[in-house]
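A.B. asks:
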Amino acid sequence: MSRQTLQEAKAPVYSLDGAVKHDVKLPEVFLTAVRPDIIKRAVLSVQSKGFQPKGRDPMAGKRTTAWSLGVGLGMARIPRVRAHGTPRAMQGAFAPGTVGGRLAHPPTPEKNIVKQINRKERRLAIRSAIAATALPELVAARGHKIEGVKSLPLIVEGGFEQISTTKQLKEILKTLGLEEELKRAEEGVKIRSGKGRRRGRRLKRRKSLLIVVGSEVSPVMKAARNLPGVDVCPVNRLNAELLAPGTHPGRLTLWTEPAIKGLEERFRHGEA
43 MSRQTLQEAK APVYSLDGAV KHDVKLPEVF LTAVRPDIIK RAVLSVQSKG FQPKGRDPMA
103 GKRTTAWSLG VGLGMARIPR VRAHGTPRAM QGAFAPGTVG GRLAHPPTPE KNIVKQINRK
163 ERRLAIRSAI AATALPELVA ARGHKIEGVK SLPLIVEGGF EQISTTKQLK EILKTLGLEE
223 ELKRAEEGVK IRSGKGRRRG RRLKRRKSLL IVVGSEVSPV MKAARNLPGV DVCPVNRLNA
283 ELLAPGTHPG RLTLWTEPAI KGLEERFRHG EA
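Position in the sequence shown (first residue = 1) + 42 = the working numbering.
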């Protein structure tokens, strides 16, 4: 749906068999201007809240008897290990730049690693990211396969939330024109290279469809868990990272009719 069509603020609602059921009035949040700069700040803020503080042992590199011999001996004044009969004798220690020495400016766990964002900016970022899901040029730019999708934003009837099996969900998504998108996500599962492979991050997956539902207890939330790259989120828990993974707006999003009503309630007074 283009920006001009969005001014009409209406979109078709599809049934589970892919037919147009009726039209629904879109919330004004879909008319928000897309601000990639604000979206990026909001996504980085969400990501930073998951960072784990890290630091170094305060005594690292200091557990030694080394001390400096002073000046006048024709050698550097760094602390040296006082020992005899070992290759370690008179070698530099303790100081930065020596074998086994301390770090000059190590990371400290007290450092504030959370990137803050103003409340109004965060709300604007979420509204802007929602509006980006209705623009085909941005959705296609993210790499999503939308040739079979009839319209954006893609809205389905409320019965979609009652789907309880992955097999049934996959068939309905294919009916809605998302077969190529599901195939893209399945083929995008790759084995990670490097140490992350043995640290619980064995696979890399592409981000695919985002399904937004109206209730937090919808059966479809469990049914979609086994589809690669597909996320399900209640409308009241939407955030910038879900709508714009990697700070790039325009994620392919499927809205249920109750989610559209919940979206209107959430943003009725400019809140997020």
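Glycine included, C-beta positions come from ideal geometry on N, C-alpha and C. Since the model is a prediction, treat every value here as computed from it, not as a measurement.
1. Please list the terminal residues of the continuous alpha helix (DSSP H) segment that includes Asp79.
2. Could you tell me whether the segment 293 to 300 touches the segment 191 to 210, using the rule of 3 or more Cβ pairs below 8 Å?
3. Kindly give me the distance between the Cβ atoms of Pro291 and Ile81, rounded to whole angstroms, as I take these residues to be in contact under 8 Å.
4. Beta carbon of Val123, beta carbon of Ala137: below 8 Å?
5. Per DSSP, what kind of secondary structure is Thr217 in: helix, strand or coil?
6. My output table needs one value for Val55: the three-state DSSP class, helix, strand or coil.
7. Taking only the alpha-carbon atoms, compute the straight-line gap between Gly60 and Pro148 and give it to the nearest angstrom.
8. Please state the DSSP three-state secondary structure of Ile197.
9. Using a Cβ distance threshold of 8 Å, determine whether the segment 68 to 88 contacts the segment 273 to 289, with at least three qualifying pairs required.
10. Buried or exposed for Val231, going by 16 or more other Cβ atoms inside 10 Å?
11. So, are the CB atoms of Phe93 and Ile172 less than 8 Å apart?
12. So does the segment 204 to 219 actually touch the segment 236 to 246, counting three or more Cβ pairs closer than 8 Å?
13. Looking only at its own chain, which residues have a Cβ that is under 7 Å from the Cβ of Arg184, when we skip the five neighbours before and after it?
14. Hey, how far is the Cα of Gln89 from the Cα of Gly112?
15. Specify, as a first and last residue, the run of the beta strand (DSSP E) that Val115 falls within.
16. Please tell me whether Lys246 and Pro287 are closer than 8 Å, where the distance is taken between their beta carbons.
17. Which of helix, strand or coil does DSSP assign to Leu48?
18. So, for Gln204: in the same chain, excluding its five sequence neighbours on each side, which residues have a beta-carbon less than 8 Å away from its beta-carbon?
19. Residues in its own chain within less than 6 Å of Glu70 by CB, not counting five upstream and five downstream?
20. Using a Cβ-Cβ cut-off of 8 Å (strictly less than) and excluding sequence neighbours within five positions of Ile168, which residues of its own chain qualify?
21. Kindly list the residues whose CB is nearer than 6 Å to the CB of Pro270, restricted to its own chain and excluding five residues on each side of it in sequence; keep chain order.
22. With DSSP collapsed to three states, give me the class of Leu245.
23. Return helix, strand or coil for Pro276, following the three-state DSSP convention.
C.D. replies: The structure says:
1. Counting along the chain, the alpha helix (DSSP H) containing Asp79 begins and ends at Pro78 to Ser90.
2. Under the three-pair Cβ rule at 8 Å, the segment 293 to 300 counts as touching the segment 191 to 210.
3. Sure, about 5 Å apart at Cβ, within 8 Å.
4. No, these two residues do not count as a Cβ contact at 8 Å.
5. Assignment of Thr217 by DSSP, reduced to helix, strand and coil, places it in the helix class.
6. Val55 falls in the strand class under three-state DSSP.
7. Here the C-alpha atom of Gly60 lies approximately 58 Å from the C-alpha atom of Pro148.
8. DSSP places Ile197 within a strand segment (E or B) once states are collapsed to three.
9. Judged by pairs of C-beta atoms under 8 Å, the segment 68 to 88 touches the segment 273 to 289, as three or more such pairs exist.
10. Exposed.
11. Not in contact: Phe93 and Ile172 (Cβ atoms no closer than 8 Å).
12. Contact fails: fewer than three Cβ-Cβ distances are below 8 Å.
13. Same-chain partners within the cutoff: His290, Gly292 and Arg293.
14. For Gln89 and Gly112, the distance between alpha carbons rounds to 49 Å.
15. In the sequence under discussion, the amino acid at residue 115 is Leu, which differs from the Val named in the question. Taken as a continuous stretch (DSSP letters only), Leu115 belongs to no beta strand (DSSP E), as it is neither H nor E.
16. Cβ distance not < 8 Å, so Lys246 and Pro287 don't count as in contact.
17. Confidence at Leu48 is low in this model, with a pLDDT of 49, below 50, so its placement is unreliable and no value can be given for it.
18. Same-chain partners within the cutoff: Ser260, Pro261 and Val262.
19. In the same chain as Glu70, and ignoring 5 residues on each side of it, no C-beta atom comes closer than 6 Å to its own.
20. So the qualifying residues of the chain are Ala84, Leu280, Asn281, Ala282, Leu285 and Ala314.
21. These residues qualify, in order along the chain: Ala227, Glu228, Val231 and Arg247.
22. Note: Leu245 maps to strand in three-state DSSP.
23. Here Pro276 carries a strand assignment [DSSP, helix/strand/coil].
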